[in-house]
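K.L.:
All letters in the sequence shown, in the order written, are residues 30 to 250 by the numbering used here.
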Amino acid sequence: MKKHLFIIIFLLINLQSFSQINEFNIQKTIYEKAKTYNDPNVAITALYNMVAIQPDNVFLKDSLMREYLSLSQWAPTYMISREILAIQPNNNFALEVSCVALQNLGLKQEALNEYESLYLRTDRVDVLYTISFLQFELKNLNESLTNLEILLNNDQTEEMVVSVSKDENDRQEVSMRAQLNYLKGLVFLEQGKNDLAKSSFNDALNLSPEFKNALDKLNLL
Numbered sequence: 030m031k032k033h034l035f036i037i038i039f040l041l042i043n044l045q046s047f048s049q050i051n052e053f054n055i056q057k058t059i060y061e062k063a064k065t066y067n068d069p070n071v072a073i074t075a076l077y078n079m080v081a082i083q084p085d086n087v088f089l090k091d092s093l094m095r096e097y098l099s100l101s102q103w104a105p106t107y108m109i110s111r112e113i114l115a116i117q118p119n120n121n122f123a124l125e126v127s128c129v130a131l132q133n134l135g136l137k138q139e140a141l142n143e144y145e146s147l148y149l150r151t152d153r154v155d156v157l158y159t160i161s162f163l164q165f166e167l168k169n170l171n172e173s174l175t176n177l178e179i180l181l182n183n184d185q186t187e188e189m190v191v192s193v194s195k196d197e198n199d200r201q202e203v204s205m206r207a208q209l210n211y212l213k214g215l216v217f218l219e220q221g222k223n224d225l226a227k228s229s230f231n232d233a234l235n236l237s238p239e240f241k242n243a244l245d246k247l248n249l250l
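1) Where does E202 sit, in a helix, a strand or coil, going by DSSP?
2) If I'm right that S173 touches Q164 with Cβ under 8 Å, what's the distance once you round it to whole angstroms?
3) Using C-beta distances below 6 Å, list every residue in its chain close to I42, excluding the 5 sequence neighbours before and after it, in chain order.
4) Which runs of the alpha helix (DSSP H) at least 4 residues long sit entirely within the segment 44-92? Give them in chain order.
5) Say whether the segment 204-220 touches the segment 150-167, bearing in mind that this needs 3 or more beta-carbon pairs closer than 8 Å, one atom from each stretch.
6) Would you grab the beta carbon distance between L247 and N231 for me? Rounded to a whole angstrom, and I think it's under 8 Å.
7) Under the three-state reduction of DSSP, which class applies to L244: helix, strand or coil?
8) Report back the beta-carbon spacing between W103 and A140 to the nearest angstrom; my notes put them in contact at under 8 Å.
9) Using the beta-carbon count (16 or more within 10 Å), is Y97 buried or exposed?
10) By a C-beta neighbour count over all protein chains shown, 10 Å radius and 16 as the cutoff for buried, is F217 buried or exposed?
11) What's the C-alpha gap between A115 and N235?
12) Which same chain residues, not among the five before or five after V126, have their C-beta less than 7 Å away from its C-beta?
13) List the residues that DSSP assigns as beta-bridge partners of D196.
14) Is K137 near I113, with beta carbons less than 8 Å apart?
15) Have a look at S228 and K222 and give me their C-alpha separation to the nearest angstrom.
16) Using 10 angstroms around the beta-carbon of F122, count the other beta-carbons present and answer buried if the total reaches 16, otherwise exposed.
17) What does the Cβ neighbour count give for M79, buried or exposed, with the cut at 16 atoms within 10 Å?
18) With a threshold of 6 Å on Cβ separation, who are the neighbours of Q201 within its own chain once the five nearest residues in sequence on each side are excluded?
19) Determine, using beta carbons only, whether R206 and E178 come nearer to each other than 8 Å.
See below:
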């Protein structure tokens, strides 16, 4: 009797396992088709179903995070990035996604904290630029200036180009150092140092003569 009971339990366990594997493969096929047909909503649903079957599969969570990121759905993007970081604390991509999500959610101080952690890990100039910009927005003006000077003295920024908003519906490409000098000018304006602001805007224009934002600010001084 005990032997028969053991066999029944064994068969039930194996049947359940087979059923889960089969269901996972079905959802995987649905996900792959949804990606082919560019249907993010179906892809996300399929990923959730796969996560329900394999809750510890970090690769599934990464795919889910990327789906939400591509849709600019910042709240779930952030929440999933934190789940991934809890499993993989050294996952720099998940940390960067967390930074971007917080910034787009308007949580500037929290985003700044995360970006500072990312910069300590990566030493990337684009990350330090974002830090200096957030510091400016949060009125941490001296810290922003310090980081802008570090960037201006970094050889990597000499040849870099950035895309900036020209007006409500248009953008333009300018020298990275022109943008850094422009931001310095904004900081000086906030500090009431108009002469230094004017000098910084002129420095920006020397590097990118058609830089509309710098021209507009200079014309107001």
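All C-beta atoms, glycine included, are put in the ideal place defined by N, C-alpha and C.
P.N.:
So, from the data block:
1) E202 falls in the strand class under three-state DSSP.
2) Sure, about 4 Å apart at Cβ, within 8 Å.
3) At I42 the pLDDT is 45, less than 50, meaning the model places this residue with poor confidence; the figure from the coordinates comes in the next sentence. Only residues of its own chain outside the window of five on either side were considered, and among them none has a CB closer than 6 Å to the CB of I42.
4) Runs found: 69-82.
5) As far as the Cβ criterion goes, the segment 204-220 touches the segment 150-167, which means the pair count is three or higher.
6) With 8 Å as the limit, L247 and N231 qualify as a contact, their Cβ atoms being about 7 Å apart.
7) DSSP places L244 in helix when its eight states are reduced to three.
8) With a Cβ gap of about 11 Å, W103 and A140 do not count as contacting.
9) Its Cβ being crowded by 16 or more others within 10 Å, Y97 is buried.
10) A buried status is given to F217, since no fewer than 16 other beta-carbon atoms sit within 10 Å of its beta-carbon.
11) Rounded to whole angstroms, A115 and N235 show a C-alpha spacing of 47 Å.
12) Cβ contact annotation for V126 (same chain, cutoff 7 Å, sequence separation greater than five): M94, L98, T106 and S110, in chain order.
13) Paired residue(s): D199.
14) Their beta carbons are not under 8 Å apart, which means K137 does not touch I113 by this criterion.
15) Whole-angstrom Cα-Cα distance: 10 Å.
16) So F122 ends up on the exposed side.
17) M79 counts as buried, since at least 16 other C-beta atoms from the protein chains shown sit within 10 angstroms of its C-beta.
18) Residues of the same chain with a CB within less than 6 Å of the CB of Q201, apart from the 5 flanking positions on each side, are K195 in chain order.
19) For R206 and E178, no; Cβs fall outside 8 Å.
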